[in-house]
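J.: Basically my numbering = 1-based index in the sequence shown + 5. Please find one structure pasted underneath; my questions will follow.
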Amino acid sequence: MAEFSMDDLMFRPGLMQGQRILITGGGTGLGKVMAEACVMLGAQVYICGRRGGVVEATAKELNEAHAGLAGVGHCTGVACDIRVPEAIAEMIDTVWADGPLTGLVNNAAGNFISRTEDLSARGFDAISNIVFRGSFFVTLECGKRWLAQGKHASVISILTTWVWNGGPFTVPSAMSKAGLNVMTQSLAVEWGNRGIRFNAIAPGPFPTEGAWARLNPGSAEADGAAPPPPADPTIPLGRNGEMRELANLAVYLLDPGSAYVNGQTIAIDGGSHLGGGGFGRLAEWGDAEWAAARNAIQSANEKDRAQRTV
Ligand code: HXC
Ligand code: NAP
């Protein structure tokens, strides 16, 4: 089912007409909602994933859902496993046959929670070959063509806030995303003067079937039997992210309207990664707790004062 109406988007109809965007992993979850926003705003969008049936069904769904919209774009599904460099080259050749891309979203990922000591080499590779190697090779295949043809483009990578503060029990994902964070900064400088800019988005929790099945395994919500759980109380804004908020940020970074933004990783997490040094939970206190704390601190101060000799 399509997610958005134009009221969910911050932008004018037709904003992305003439843009051609590839979104890896665009058949589901966050990739799908970014694809939907781009199509609604007039872009030609390509989505890829290993499950050809899923990307084709999503493309059909998005095209049908917004068929009547003025200036609407179009979505095409392409089956591709980004762990295979030859498959990437073939996909990019196919896409380029219709014209050069103007934007790329590195969104495809694999993840699961595991104690790090339980990981096998294949388990580590299962994640890093998608996120770290796969995203790099997609970027490289596009980048070589943009440079050779002198084309401008915007690349965004979907990371996590773990790139700043680590990801216990998700170490292969956190390491791989951190690598993409450095790719973003490095290529922003290396290719920036040739019109190719790089930015990244670090989302907090946005409930999706794919993420919840691997990060909250066995829960009713991961099995699709219950709605997503209430937000983690430590999130300063007190709620999970909304899909339209993520989609609006992605459109902003893809569009030439943000042309001077380069090399940035933008968190969209309600402020969670800042943590507040552990004091964030004090937001739950009321007058009684603050009065009790003040009294306790003042009696500790008085005790110390009584022992002072100067
Ligand atoms: C330990 C595990 C494991 C687990 C798999 N493996 N799951 N090890 N704990 N839970 C090991 C297997 O035992 C095997 O190693 C190796 O990984 C490969 O497993 P396969 O099942 O053959 O892998 P494959 O079919 O290639 O699937 C890749 C996958 C899978 C990454 C494991 O989860 C996948 O396809 N994911 C795609 C979608 C996804 O993950 N979406 C969530 C993104 S969410 P051995 O040695 O036994 O052979 C996200 C959120 C971030 O990133 C932030 C939220 C706030
Ligand atoms: P998702 O629905 O599981 O999306 C992952 C997508 O990647 C799937 O469509 C999957 O399709 C595709 N994919 C996986 N391996 C691939 C491969 N080898 N080649 C091509 N495509 C591949 O999960 P999501 O929650 O939307 O996650 C999307 C992105 O957001 C990820 O980068 C994730 O790390 C990031 N993120 C999500 C959250 C959140 O709360 N949801 C928070 C922070 C960051 P196939 O299985 O068909 O290949």
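Yeah, the Cβ is synthetic: ideal placement off N, Cα and C, and Gly gets one too. All figures in this text were calculated on a predicted structure; none of them were measured in a lab.
#1: Tell me which same chain residues have a C-beta within less than 6 Å of the C-beta of K156, skipping the five on either side of it?
#2: Just reading off the alpha helix (DSSP H) that N68 is part of, what are its end residues?
#3: Would DSSP call A264 helix, strand or coil?
#4: Using the beta-carbon count (16 or more within 10 Å), is A298 buried or exposed?
#5: Within this structure, are the beta carbons of G58 and G76 separated by less than 8 Å?
#6: Would you mind sorting W290 into buried or exposed? The rule is 16 or more other CB atoms within 10 Å of its CB.
#7: State the start and end residues of the unbroken beta strand (DSSP E) segment that holds T270.
#8: Compute every distance between the C-beta of L185 and the non-hydrogen atoms of the ligand HXC, then say whether any falls below 7 Å.
#9: Which residue wins for smallest C-alpha separation from A62, given the options N221, G276, A7, N186?
#10: May I ask you to list the residues that DSSP assigns as paired with L109?
#11: Just to confirm, does G128 get its C-beta within under 7 Å of one of the non-hydrogen atoms of the ligand HXC?
#12: Can you give the beta carbon distance from I26 to V110, rounded, assuming they're within the 8 Å contact cut?
#13: Taking the alpha carbon of D274 as the reference point, which residue from N300, V266, I52, N245 has its own alpha carbon closest?
#14: Does DSSP put R202 in a helix, a strand or coil?
#15: In angstroms with no decimal places, state the Cα-to-Cα distance between G23 and A272.
#16: Using 10 angstroms around the beta-carbon of S178, count the other beta-carbons present and answer buried if the total reaches 16, otherwise exposed.
#17: Does the beta carbon of D237 fall short of 7 Å from some heavy atom of the ligand NAP?
#18: For a minimum of 4 consecutive residues, which ranges assigned as the alpha helix (DSSP H) are wholly contained in the region 164 to 192?
#19: Three Cβ pairs or more, each shorter than 8 Å: is that satisfied between the region 89 to 106 and the region 115 to 123?
#20: Look at the Cβ atom of M21, then the Cβ atom of C53, and state whether they are nearer than 8 Å.
#21: Between F211 and the ligand NAP, is there a pair consisting of the residue's CB and a ligand heavy atom that are separated by less than 7 Å?
#22: Please state whether DSSP places P238 in a helix, a strand or coil.
#23: Could you say which of P241, G184, I118 lies nearest to T175 if we only look at CA atoms?
#24: Please confirm if the region 197 to 204 is in contact with the region 260 to 268, defined as three or more CB-CB distances below 8 Å between the two stretches.
#25: Any heavy atom of the ligand NAP closer than 7 Å to the beta-carbon of R88?
#26: Where does S191 land, buried or exposed, given buried means 16+ other C-beta within 10 angstroms?
#27: Determine the closest residue to F211 out of G200, I240, L185, with distance taken between C-alpha atoms.
#28: Where DSSP assigns a beta bridge to G78, which residues make up the other side?
#29: Tell me, please, whether the region 77 to 86 touches the region 127 to 134 by the rule of three or more beta-carbon pairs shorter than 8 Å.
T.: Per the coordinate set shown:
#1: P105
#2: 57 to 70
#3: coil
#4: exposed
#5: no
#6: exposed
#7: 270 to 273
#8: no
#9: A7
#10: L27, V160
#11: yes
#12: 7 Å
#13: N245
#14: strand
#15: 28 Å
#16: buried
#17: no
#18: 167 to 170
#19: no
#20: no
#21: yes
#22: coil
#23: I118
#24: yes
#25: yes
#26: exposed
#27: I240
#28: According to DSSP, G78 bridges with nothing at all.
#29: no
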